[in-house]
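Comments concern the structure below.
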Amino acid sequence: MITPFSKKVLLDNIPTFYKSSFLVNPSVYETIFQKLQLQKVYKDCTDLKVLDIYAGPGQQSLIFNEKFRPKQQLLMDNRPKFTNFWETHLKGSHLQLSTQDPYSWESYLMLMDYQKIFVPETQDRSHIHNKFFVMANVTDKKYEGLIMQWYNCIGQKNWVHRYGRVQMLVWMPTATAVKLLAPPKSSARSKASLVAETFTESKLIAITDDTAASKMDKLILQQHDPIMIKHADTVPNKRPQIPMSLLLITPRNVTFNKDNWDYITKQLMIQRKTPFEDAAEALGPGGREYFTQVLQDKNFMSRNAASFSAEEFILLTDIFTNWPFKPDIFMSLFDVDNDD
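So the sequence shown is numbered by the numbering used here: it starts at 55 and just counts up by one.
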């Protein structure tokens, strides 16, 4: 058995943390795992496979493995200071180590399809996948685009989500979490938060106690009641310290027409402050008349897209899908993209 590393050991042996931040306090991890209640989905974890992306120094990986004893846990990272640390400090553990690049799509194909080192089973989307779990630390702000791609993969049902509704536990910059969790009517509301709300249930599990946390919507903080983390419990010690948040991302089982949803949300979020009775014309000629007739709700027609919930966008998608005279959305998108 390998015990969790002290903060001193990590700082003495890892010269750079690649602009990322990692929680190291074992007792805080214990509090996090208690809050997650993973046993409700994964039972005793004896059949659980865990993919640990950008695992860094492996502190979370080690504590998770010792607590839950999953069937397989694969750490994936290609940053040499971390992989060198693995070679000297994680030998003899139950963890598997891969130096494949987590950013590359081919790395996952190699591990899962070709080398078959990590092969999850495929499960029905009527329930959360109970034998496959993903953890990741993408706290370097340069990974924000990657996080958004992961959310898109949930909607597209590809990448790791081709195996079913796979839960993800992701450390990310608090600024990114603020964007993803922004509720309707919030000034931070955007296509990113709409995607997160539509295709997942994203819950704020923990957040560092700093000025960045104050930018999180107060309703989210109240509803999610996250664990507040001190920067003293993280590495590295360098300033400025990295504000970070931990999200549990649970994919939803969506059945609406995603192409139509993409078209509607793109058109309306461009005019997010415009009343829907005016913005509806952007969905196609006669849009205002059609949606007014079907909805028969003057209050709704007077609202703007920034105030719409995920459920309301899905309602609009269903109405659009049933529109006999709706435009060819693929030609419309082509025209928009080529209109110079």
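Heads up, the beta-carbon is just placed ideally off N, CA and C, and yes, glycines get one too. Remember, predicted model here, so these are calculated numbers, not experimental data.
DSSP three-state assignment for residue i, whether helix, strand or coil
i: F388; result: For F388, the pLDDT reaches just 48, beneath the cut-off of 50, and the residue's location in the model is therefore unreliable, although a value from the coordinates is still provided. Of the three classes helix, strand and coil, the one that applies to F388 here is helix, per DSSP.
i: H181; result: coil
i: L248; result: helix
i: T70; result: coil
i: A242; result: coil
i: P227; result: strand
i: I171; result: coil
i: M55; result: coil
i: L115; result: Here residue 115 turns out to be Ser, not Leu, going by the sequence shown. The answer is helix: DSSP assigns S115 an H, G or I state.
Bridge-paired residues (DSSP) for residue i
i: E255; result: T304
i: P80; result: P80 is not bridged to any residue.
i: L128; result: L105 and Q150
i: Q221; result: F187
i: T262; result: I283
i: V289; result: F76
i: M202; result: In the DSSP output, where bridge partners are listed per residue, M202 has none listed.
i: N358; result: P329
Distance CB(residue i)-CB(residue j) smaller than 8 Å
i: T304; j: I107; result: no
i: A231; j: L301; result: yes
i: F367; j: T319; result: yes
i: F400; j: L223; result: Residue 400 is absent from the model: the chain starts at 55 and stops at 394.
i: S361; j: K170; result: no
i: T346; j: E365; result: no
i: L129; j: L165; result: no
i: N119; j: S147; result: yes
i: T85; j: I281; result: yes
Residue environment, residue i, which counts as buried when at least 16 other CB atoms sit within 10 Å
i: K196; result: exposed
i: N353; result: exposed
i: A286; result: exposed
i: R123; result: exposed
i: N376; result: exposed
i: Q113; result: buried
i: N395; result: With the chain represented from 55 up to 394, any question about residue 395 goes unanswered, as that position is not in the structure.
i: K380; result: buried
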